[in-house]
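Visitor:
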Ligand code: UD1
Ligand code: MG
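In my numbering, the protein residues as written are 108 to 556.
(1) If I measure Cβ to Cβ from residue 564 and keep anything under 6 Å in the same chain, skipping five residues before and after, which residues do I get?
(2) Mind checking whether the beta-carbon of residue 280 lies closer than 7 Å to any heavy atom of ligand 1?
(3) Am I right that residue 282 and residue 212 are in contact with their C-beta atoms under 8 Å? What's the rounded C-beta distance?
(4) Examine ligand 1 and report whether any of its heavy atoms sits within less than 7 Å of the Cβ of residue 179.
(5) Could you give the residue range of the alpha helix (DSSP H) that holds residue 172?
(6) Residue 356 lies in the alpha helix (DSSP H); which residues open and close that run?
(7) State the beta-bridge partners of residue 369 as determined by DSSP.
(8) Over the uninterrupted alpha helix (DSSP H) stretch that includes residue 200, give me the two end residues.
(9) Residue 140 by DSSP, collapsed to three states: which one?
(10) Is the stretch 518-527 touching the stretch 491-510 in the sense that three or more CB pairs, one from each, lie closer than 8 Å?
(11) Please classify residue 127: does DSSP put it in a helix, a strand, or coil?
(12) When the Cα atoms are used, what is the spatial distance from residue 191 to residue 301?
(13) Does the pairing of the stretch 338-354 with the stretch 298-317 give three or more beta-carbon distances under 8 Å?
(14) Taking residue 534 as the reference, which of 279, 513 and 551 has the closest Cα?
(15) If you drop the 5 nearest sequence neighbours on each side, which residues of the same chain put their C-beta closer than 7 Å to that of residue 334?
(16) Taking 6 Å as the limit between beta carbons, can you name the residues of its chain near residue 445, skipping five residues before and five after?
(17) For residue 219, which residues from the same chain have a beta carbon less than 7 Å from its beta carbon, with the 5 sequence-adjacent residues on both sides left out?
(18) Which whole-angstrom value is the C-beta distance of residue 278 and residue 308, which I expect to be below 8 Å?
(19) So, for residue 527: in the same chain, excluding its five sequence neighbours on each side, which residues have a beta-carbon less than 6 Å away from its beta-carbon?
(20) Starting from the C-beta of residue 287, find all residues in its chain whose C-beta is less than 7 Å away, skip the five residues before and the five after it, and write them out in chain order.
(21) So does residue 330 have its beta carbon nearer than 7 Å to some heavy atom of ligand 1?
(22) Report yes or no: do the stretch 434-441 and the stretch 409-425 share at least 3 C-beta pairs separated by less than 8 Å?
(23) Compute every distance between the C-beta of residue 335 and the non-hydrogen atoms of ligand 2, then say whether any falls below 7 Å.
(24) Using a Cβ distance threshold of 8 Å, determine whether the stretch 163-180 contacts the stretch 224-231, with at least three qualifying pairs required.
(25) What residue range does the alpha helix (DSSP H) around residue 328 cover?
(26) Between residue 266 and ligand 1, is the CB less than 7 Å from at least one heavy atom?
(27) Under 7 Å from any heavy atom of ligand 1, does the C-beta of residue 239 make it?
(28) So what does residue 211 bridge to, in DSSP terms?
(29) Compute every distance between the C-beta of residue 324 and the non-hydrogen atoms of ligand 1, then say whether any falls below 7 Å.
(30) Answer with buried or exposed for residue 552, where buried requires no fewer than 16 other C-beta atoms within 10 angstroms of its C-beta.
(31) Is residue 308 helix, strand or coil when you go by DSSP?
(32) Determine the direct distance from the alpha carbon of residue 117 to that of residue 336, and round the result to whole angstroms.
Shown next as structure tokens:
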């Protein structure tokens, strides 16, 4: 097995995103672009991953470490070109891994398979392997100059001759190098070009001058498209959603209207999960086998246990933990709460910072009042309890197993197991009162309006 170093370039902005956030932190399918690139590098089995970031990009460094805790982060202090950026990771290159793959932080569609196919020629003795593709418009890309099928040079747009500009095969921006000579190649690169930059792409010609071979691997546009604008971000999102939906269906989930279901890069759907139209999954969702997610539900940071039913119009927020067979119905919001197996919360409720024991029924309109304006407080409800409709449960409070809350109660004190708690005024009937009022109104005794 050849060892692999991946260097992710994320320093240069050169962006048209009109954003206060570094470009590579913009998300596609709920994960930052640089996060996708790092995930692909990890999946390719990289022994070491380095990210090159710009000065004052602490947020990028944090995201890199969140995705790959062991990654090395290097800062490129001046933006002097892609080869200059790679050399910021000189320390990592000096370890002379067998293969070095350079990726750009703004190409979120690259997969580990693409990385592997790019490495294959290195094992066969090539010094440089370049990922080529044929974009609809080659403008702006480096053109791959070939002669009899052999890669001779990469010519950047600004340096290309009229003839070279006609070449449709372009540099996608993913390059692999023989790790034994990568550092030597990079150090030979100069900045005598239209942009006065150190071009990584010059490594092709230099390798050939040293009598080594450079090759092209071709990839589909959908696997390599880069993102420079919000419109391209949306195009990448559409491509990635298509992939994630296909994977979910291959894994045994039914998506009735796949094009209306939005998945996250890390969404896990079990077998025989049935997803109705218009459902949104944010980060950190695991859905076990046999669950039904009904239409218009919004789910993030949640675990849904086997056979549960969620929605329609349900919202599961981070920390929602639904046990087997739980029912969460329409206009119900669950946050940071454990619902044990068999719990039912079917209508118009908010359950937050709570734990609810098995088979408890939570009636329509129940609210756990978890926030006093300063801190959040917990509600603990036992098993087999019955929470009457329209109850307000003012936390912190504990309701015992088998307890019964009278409809419309405001619960501020703990309720013992198997007790009935009535937290509301008693009903008073006044016979004939309404009829007498109407008579007095009709006689003008009580002023109208
Ligand atoms: C580059 C390639 C071009 C290829 C295109 C694909 C070079 C010289 N050209 O051109 O052949 O077709 O990508 O999209 O490599 N970066 C740094 N520091 C720098 C400069 C760049 O970190 O000093 C990073 C950027 O963040 C970006 C990547 O390198 O992720 C590419 O830089 P960019 O300026 O976009 O290069 P292109 O002109 O697009
Ligand atoms: Mg670019």
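Ideal Cβ positions, reconstructed from N, Cα and C, are used throughout, including at glycine.
Guide: Let me spell this out:
(1) The displayed coordinates of the chain run from 108 to 556. Any statement about residue 564 would go beyond what the structure contains.
(2) yes
(3) Residue 282 to residue 212, Cβ: 14 Å. No contact.
(4) no
(5) 165-174
(6) 337-357
(7) 387
(8) 197-200
(9) helix
(10) yes
(11) coil
(12) 16 Å
(13) no
(14) 513
(15) 140, 213, 215, 340 and 343
(16) 428 and 462
(17) 147, 150 and 151
(18) 6 Å
(19) 511
(20) 203
(21) no
(22) yes
(23) yes
(24) no
(25) 328-331
(26) no
(27) no
(28) 116
(29) no
(30) exposed
(31) helix
(32) 16 Å
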